[in-house]
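Participant: Numbering (this note's numbering), first residue to last: 10 to 335. Just so it is clear, CB atoms sit at the ideal spot from N, CA and C, and this is done for glycine as well. All figures in this text were calculated on a predicted structure; none of them were measured in a lab. Sharing a structure with you now.
Now the structure itself:
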């Protein structure tokens, strides 16, 4: 969804004196740019006010991400971040301090983060099984099919086509096509990785990348890209090998799938994962496709129990449906 620009005019209140704070008055006449796409948790508005000041209004779902990437906002604001309406926080930067903030850089960042990527929250169908705190933030590069924001679904997106071909038709692809699709997925995951509010990169206690646990010898697209992301970003990589058999999942209900994964992760010696490799660290779970989110959230819950500091999700595409394969 392209960014939307709104011109606000002055509303005069006749015969009623009104005292307005400078930061509020500046908003009465402003050029506003909103960054958001349908079915994504990211929402941000940037007001460039006629008095030269700036206002940034951000949904609470992603305000921690904005604070992480742009600490200069708090440094430039005399009032700091404030609680807003409808689960938002906002911050005001006066005209005499806007030179401390690169508003064009922030808008360019938000154009990618808000208008292109998809920020995923715990779906309604999983709320009975997870608290919602297991995953701090989960980002998909795009949906697997195109949409205009309505109920009409178009053809596969560029990322959706790349994921589909590499996952289901790898043996039929020419070397040139393989390289093309791999490059598309790689760039998307690497760019989205940079949006995550990770701490300690380049230190011994820095973040690590992990795929979803799988059995030895299984050919997993997500495993290959998880290792690729770790190598390109210079962070640790762990290989959580699944040591037990799991049933075929496609015909199971969501409740049954949650039970299967919960049982696996609660069973001793079911996953080859050294807790010392993740304790006190950020873990980025990489997957190629996010449907209902069961595998992501169940694994995140197990990692949290192992002493992980924060869990983040990074996926290539989000399916247009949330119901999973049933």
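Specify the secondary structure class of residue 139 as computed by DSSP and reduced to three states.
Facilitator: coil
Participant: Tell me whether the beta-carbon of residue 295 lies closer than 7 Å to the beta-carbon of residue 149.
Facilitator: no
Participant: Consult DSSP for residue 95 and reduce its assignment to one of helix, strand or coil.
Facilitator: coil
Participant: Determine, using beta carbons only, whether residue 138 and residue 244 come nearer to each other than 7 Å.
Facilitator: no
Participant: Give me the DSSP bridge partner(s) of residue 165.
Facilitator: 154
Participant: Determine the DSSP secondary structure at residue 232, reduced to helix, strand or coil.
Facilitator: helix
Participant: Using DSSP with H/G/I as helix, E/B as strand and the rest coil, what is residue 106?
Facilitator: helix
Participant: If you draw a straight line from the alpha carbon of residue 298 to that of residue 271, how long is it in whole angstroms?
Facilitator: 20 Å
Participant: Can you tell me which of 144, 146 and 51 puts its alpha carbon nearest to the alpha carbon of residue 125?
Facilitator: Among 144, 146 and 51, the Cα nearest to that of residue 125 belongs to 51.
Participant: Are the region 252-263 and the region 210-218 in contact at 8 Å, needing three or more beta carbon pairs?
Facilitator: no
Participant: Starting from residue 262 and walking both ways along the beta strand (DSSP E), at which residues does that stretch end?
Facilitator: Unbroken run through residue 262: none, as it is neither H nor E.
Participant: Exposed or buried, residue 304, counting other C-beta atoms within 10 Å across all chains shown (16 or more means buried)?
Facilitator: buried
Participant: Which residue's Cα is closest to the Cα of residue 111: 63, 222 and 155?
Facilitator: 63
Participant: Secondary structure at residue 54, three-state DSSP: helix, strand or coil?
Facilitator: DSSP places residue 54 in strand when its eight states are reduced to three.
Participant: Would you identify the three-state DSSP class for residue 327, choosing helix, strand or coil?
Facilitator: strand
Participant: Would you call the CB atoms of residue 129 and residue 175 closer than 7 Å?
Facilitator: no
Participant: With distance defined between alpha-carbon atoms, name the residue in 166, 180, 102 and 42 nearest to residue 123.
Facilitator: 42
Participant: For residue 225, name the three-state secondary structure that DSSP assigns.
Facilitator: Three-state result, residue 225: coil.
Participant: Is it a yes or a no for the region 160-173 touching the region 81-101, going by three-plus beta-carbon pairs under 8 Å?
Facilitator: In short, these stretches do not touch, since the Cβ pair count stays below three.
Participant: Buried or exposed for residue 87, please, with buried defined as at least 16 other CB atoms from any protein chain shown within 10 angstroms of its CB.
Facilitator: exposed
Participant: Classify residue 114 as buried or exposed, calling it buried when 16 or more other Cβ atoms lie within 10 Å of its own Cβ.
Facilitator: Classification for residue 114: exposed.
Participant: Near residue 96, which residues of its chain fall below 7 Å by C-beta distance, leaving aside the five closest residues on each side in sequence?
Facilitator: 68 and 69
Participant: By Cβ distance, which residues of its chain are closer than 7 Å to residue 102, with the 5 residues on each side in sequence left out?
Facilitator: 62, 63, 82, 85, 86 and 110
Participant: Which residue's Cα is closest to the Cα of residue 330: 171, 234 and 161?
Facilitator: If we check each option's Cα against that of residue 330, 161 comes out closest.
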